[in-house]
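In the numbering used here, the protein residues as written are 26 to 667. Please read the structure below before turning to the comments.
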């Protein structure tokens with residue numbers, strides 16, 4: 026899908042579609058093109074669940090959407106503190122979009138910490154729904170409020186809706202045999218019901234979800250449904266909410282097909298399963314839990330019916346060691362991790378380069394270095410993926426650009442791995458992994474043919490005519506060596522990390538042979554077939570914006586804003602980072618200026634400058650959050666005018 030972001034003036038210009046209702050004493054309904062909502066509260070307030078449910082109902086309604094879950098960096102920060110705030114932002118529209126929005130139109134703040142942590146992001150005129158029950162003196166002092174922000178005039182630029190969510194929830198559940206503490210836990214469902222009324226979201230899916238989630242605790246299920254309905258009824262009956270809003274389905278945004286909402290990690294897991302089916306190889310995942318990659322392990326463990334085997338190892342090294350062993354045994358082998366895990370896996374990745382076996386190394390990047398920001402996003406592992414091994418150990422690198430694109434990127438990484446007999450890096454990040462968007466479920470016939478041919482017998486004739494198997498005799502087109510499944514009669518061969526002799530695979534310390542093998546492994550990666558880079562340049566621009574990975578959505582939104590303002594700017598986005606597309610050098614030389622926005626300190630720009638001698642200009646951000654479209658548009662405008 027392409028991205029189209031409305032201007033602030035367009036956002037404010039809503040259409041009233043129920044004038045007769047006012048005269049009849051009923052509430053107005055206003056039609057909007059798009060809305061950005063952020064739910065925020067303590068990590069124990071269920072904000073992620075609330076956001077997920079609102080997102081699911083929005084997807085079923087037919088809106089295009091993009092989400093941004095934002096988790097606390099600490100496992101369980103003290104309640105009511107700023108480090109403990111968890112939020113979920115959702116941008117949904119009646120047209121195609123690709124970002125979760127720059128600023129919320131609506132903030133639901135469950136406590137003072139949630140308000141203080143997020144109010145700075147709100148534009149003037151935004152709506153704030155606050156849980157007044159939590160605005161006690163102690164709670165406000167904990168986050169540095171000397172006076173109540175609900176009373177001191179600091180929120181006068183916004184439309185504030187004070188709602189005693191906790192009290193109303195407890196009152197709605199008084200007929201249930203629950204303690205007050207148990208009843209208070211359902212306040213997120215009350216808030217969800219209220220927002221569902223405000224934006225005319227369907228309700229059946231959430232009620233069905235609650236019955237299923239608490240199937241073994243029917244009283245809890247009934248209480249949550251009652252709180253949800255109470256929130257809906259509160260919106261319908263209270264005078265504080267005089268208007269509700271409609272955002273029509275995005276009927277023109279989607280090609281025909283069956284759609285579902287999907288997160289990046291889920292799409293990646295499905296892509297790996299699809300690759301297993303298309304290669305007709307069993308899928309093996311050797312992994313150690315690490316944020317934000319663990320969801321892939323969780324999801325794949327549910328699919329034993331597809332022949333998936335998951336192994337939760339005792340550490341990162343054991344995880345990749347098991348995966349490489351599975352690759353030797355003829356499986357489609359995968360290991361998942363984040364940046365710190367890649368550092369631990371580097372020696373075994375080098376072994377996989379030497380053995381020339383297919384292996385998918387999935388790196389869901391996060392803020393670093395060291396433990397860094399485990400729950401925040403970054404794309405600073407590019408140079409680590411390119412060079413983070415001893416010796417000359419080239420590895421192809423593939424990067425998805427949206428949550429749904431993680432499915433296709435997994436298939437592409439698998440294609441390269443099995444075709445060229447090499448480990449392949451797949452670089453996603455926390456923003457893609459946890460974010461979600463609509464995804465068209467592909468038909469089986471649309472998936473690529475990834476059929477694998479194992480070695481079946483001898484492939485070389487000695488001078489005396491003897492037929493033998495040479496494990497390093499290469500395909501002349503791909504330079505891939507044969508993949509021999511252990512136990513196949515006549516295909517016995519040596520294995521290990523010491524340098525091999527060309528062809529025979531025997532241990533070799535010969536300098537000339539080592540030079541030849543190093544250059545051959547590099548030539549194999551350089552020769553990986555990747556599509557040419559496509560350039561979006563409708564106006565013959567002089568400035569090119571070059572991106573990779575998850576910056577695609579913000580860059581696209583920023584470029585379209587600039588074009589809407591009459592600026593000529595071109596855009597290109599890299600999926601293949603090693604090797605680069607063959608036409609990249611020619612593309613770069615067509616433009617006077619090349620700007621590379623990255624969530625690092627300029628890693629792609631460094632590679633581009635070194636390889637193509639192009640004066641690429643970096644625009645960098647490393648604050649743990651994705652770029653905002655408005656921020657990028659301003660930076661690109663400055664680059665164009667410079």
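Even glycine gets a Cβ: it sits at the ideal position worked out from N, Cα and C.
Check your understanding: With a Cβ-Cβ cutoff of 7 Å, do residue 442 and residue 385 count as a contact?
Key -> Within the chain shown, the letter at position 417 stands for residue 442. Within the chain shown, the letter at position 360 stands for residue 385. In contact: residue 442 and residue 385 (Cβ atoms closer than 7 Å).
Review point. Three-state secondary structure (DSSP) at residue 745?
Key: Residue 745 is absent from the structure shown; the chain starts at 26 and stops at 667.
Exercise for review: Measure the CB-CB distance between residue 553 and residue 421 and report whether it falls below 7 Å.
Suggested key: The residue labelled residue 553 in the question sits at position 528 within the chain shown. The residue labelled residue 421 in the question sits at position 396 within the chain shown. Contact: yes.
Practice item. Answer with buried or exposed for residue 462, where buried requires no fewer than 16 other C-beta atoms within 10 angstroms of its C-beta. Key: To locate residue 462, count along the chain shown from 1; it is residue 437. Label assigned to residue 462: buried.
Check your understanding: How would you label residue 485, buried or exposed, when you count the other beta carbons within 10 angstroms and need 16 or more for buried?
Key -> Residue mapping note: residue 485 aligns to position 460 of the chain shown, counting from 1. Label assigned to residue 485: exposed.
**Study point:** Stretch-stretch touch, CB-based, cutoff 8 Å, three pairs: the stretch 139-155 with the stretch 299-315
**Key:** The stretch 139-155 vs the stretch 299-315: no contact.
Practice item. Using a threshold of 7 Å, state whether the C-beta atoms of residue 587 and residue 616 are closer than that. Key: Numbered from its first residue, the chain shown carries residue 587 at position 562. Numbered from its first residue, the chain shown carries residue 616 at position 591. Their beta carbons are not under 7 Å apart, which means residue 587 does not touch residue 616 by this criterion.
**Study point:** Same chain, Cβ closer than 7 Å to residue 373, five either side skipped, listed in chain order
**Key:** Here residue 373 refers to the residue found at position 348 when the chain shown is read from its first residue. Contacts found: 342, 345, 346, 349.
Exercise for review: Report buried or exposed for residue 487, applying the criterion of at least 16 other Cβ atoms within 10 angstroms of its Cβ.
Suggested key: Here residue 487 is taken as the residue at index 462 of the chain shown, counted from 1. Its Cβ having fewer than 16 others within 10 Å, residue 487 is exposed.
Review point. Whose C-alpha, out of 126, 335, 490, is nearest the C-alpha of residue 313?
Key: As a first step, residue 313 must be located in the chain shown, where it is residue number 288. Looking at the Cα atoms, 335 is the closest of the given residues.
Point to revise | Cross-strand partners of residue 628 (DSSP beta bridge) | key: Your numbering for residue 628 matches position 603 in the chain shown. Its beta-bridge partners do not exist; DSSP assigns none.
Check your understanding: If you draw a straight line from the C-alpha of residue 457 to the C-alpha of residue 576, how long is it?
Key -> Residue 457 sits at position 432 when you count from the first residue of the chain shown. Residue 576 sits at position 551 when you count from the first residue of the chain shown. When rounded, the distance between both Cα atoms is 10 Å.
Exercise for review: Taking residue 245 as part of the alpha helix (DSSP H), name the residues at either end of that continuous run.
Suggested key: The residue you call residue 245 lines up with position 220 of the chain shown. It spans 243-262 - the alpha helix (DSSP H) in which residue 245 sits, taken as one unbroken run.
Review point. Just to confirm, are residue 137 and residue 63 a CB contact at a threshold of 7 Å?
Key: As a working mapping, residue 137 is identified with position 112 in the chain shown. As a working mapping, residue 63 is identified with position 38 in the chain shown. Their beta carbons are not under 7 Å apart, which means residue 137 does not touch residue 63 by this criterion.
Exercise for review: List the endpoints of the continuous alpha helix (DSSP H) containing residue 222.
Suggested key: Taking the chain shown and counting its residues from 1, the one referred to as residue 222 is at position 197. Its alpha helix (DSSP H) spans residues 212-223.
**Study point:** the stretch 534-544 in contact with the stretch 608-627 per 3-pair CB rule at 8 Å
**Key:** no
Point to revise | Proximity winner among 182, 460, 212, relative to residue 133 (alpha-carbon distances) | key: Indexing the chain shown from 1 puts residue 133 at position 108. Of 182, 460, 212, the residue nearest in Cα terms is 212.
Review point. Helix, strand or coil: how does DSSP classify residue 392 here?
Key: By 1-based counting over the chain shown, the position of residue 392 is 367. The answer is strand: DSSP assigns residue 392 an E or B state.
Exercise for review: Since I believe residue 466 is in contact with residue 285 (beta carbons under 8 Å), could you give me their beta-carbon distance rounded to a whole number of angstroms?
Suggested key: By 1-based counting over the chain shown, the position of residue 285 is 260. By 1-based counting over the chain shown, the position of residue 466 is 441. Contact holds; Cβ gap of about 6 Å.
Point to revise | Test: residue 582 CB closer than 7 Å to a CB of chain B | key: The chain labelled as chain B is not found in the depicted structure, where only one protein chain is given.
Exercise for review: Quick one: which unbroken alpha helix (DSSP H) runs of 4-plus residues sit fully inside the stretch 262-308? Chain order, please.
Suggested key: Qualifying alpha helix (DSSP H) stretches, in chain order: 289-304.
Review point. Ends of the alpha helix (DSSP H) at residue 207?
Key: In the chain shown, counting from the first residue as 1, residue 207 sits at position 182. 205-209 is the span of the alpha helix (DSSP H), which, as asked, contains residue 207.
Practice item. Under 6 Å Cβ to Cβ from residue 670, same chain only, skipping five residues before and after it: list those, please. Key: Beyond the ends of the chain as shown, which are 26 and 667, falls residue 670; an answer cannot be given.
Check your understanding: Which partner residues of residue 152 appear in the DSSP bridge assignment?
Key -> Position 127 of the chain shown, counting from 1, holds the residue named residue 152. Answer by DSSP bridge pairing, in chain order: 131, 184.
Review point. Less than 7 Å separating the beta-carbons of residue 654 and residue 583?
Key: On the chain shown, position 629 is the one that residue 654 refers to. On the chain shown, position 558 is the one that residue 583 refers to. In contact: residue 654 and residue 583 (Cβ atoms closer than 7 Å).
Check your understanding: On the three-state DSSP scale, how would you describe residue 114?
Key -> The residue you call residue 114 lines up with position 89 of the chain shown. It is a strand residue.
**Study point:** DSSP beta-bridge partners of residue 474
**Key:** Start at 1 with the first residue of the chain shown, and residue 474 comes out as number 449. When DSSP reads this structure, residue 474 sits in no beta bridge, so it has no partner.
Practice item. Classify residue 652 as buried or exposed, calling it buried when 16 or more other Cβ atoms lie within 10 Å of its own Cβ. Key: As a working note, residue 652 is residue 627 in the chain shown. Result: buried.
Practice item. Quick one: using the 10 Å Cβ neighbour count with 16 as the cut-off for buried, is residue 479 buried or exposed? Key: Mapped onto the chain shown, residue 479 falls at position 454. The residue is exposed, with fewer than 16 neighbouring Cβ atoms inside 10 Å.
**Study point:** First and last residue of the uninterrupted beta strand (DSSP E) at residue 67
**Key:** Counting from one through the chain shown, the residue named residue 67 turns up at place 42. Per DSSP, residue 67 belongs to the beta strand (DSSP E) from 59-67.
Check your understanding: Counting pairs of beta carbons, one from the stretch 118-129 and one from the stretch 97-106, are three or more of them closer than 8 Å?
Key -> no
Exercise for review: Kindly indicate which residue of 353, 417, 296 has the alpha-carbon position closest to the one of residue 471.
Suggested key: Mapped onto the chain shown, residue 471 falls at position 446. Just measuring C-alpha positions, the residue of 353, 417, 296 sitting nearest residue 471 is 296.
Check your understanding: Taking only runs of the alpha helix (DSSP H) that begin and end inside the stretch 337-399, which ones reach a length of at least 4 residues, in chain order?
Key -> Correct list: 341-353, 364-380.
Check your understanding: Is it true that the CB of residue 429 sits closer than 7 Å to the CB of residue 287?
Key -> As a position in the chain shown, residue 287 is number 262, starting the count at 1. As a position in the chain shown, residue 429 is number 404, starting the count at 1. In contact: residue 287 and residue 429 (Cβ atoms closer than 7 Å).
Exercise for review: Take the Cβ of residue 608 as the centre, count every other Cβ of all protein chains shown within 10 Å, and call the residue buried at 16 or more, exposed below.
Suggested key: Numbered from its first residue, the chain shown carries residue 608 at position 583. Exposed is the call here.
Practice item. Please classify residue 618: does DSSP put it in a helix, a strand, or coil? Key: Sequence index remark: in the chain shown, residue 618 carries index 593 (1-based). The answer is strand: DSSP assigns residue 618 an E or B state.
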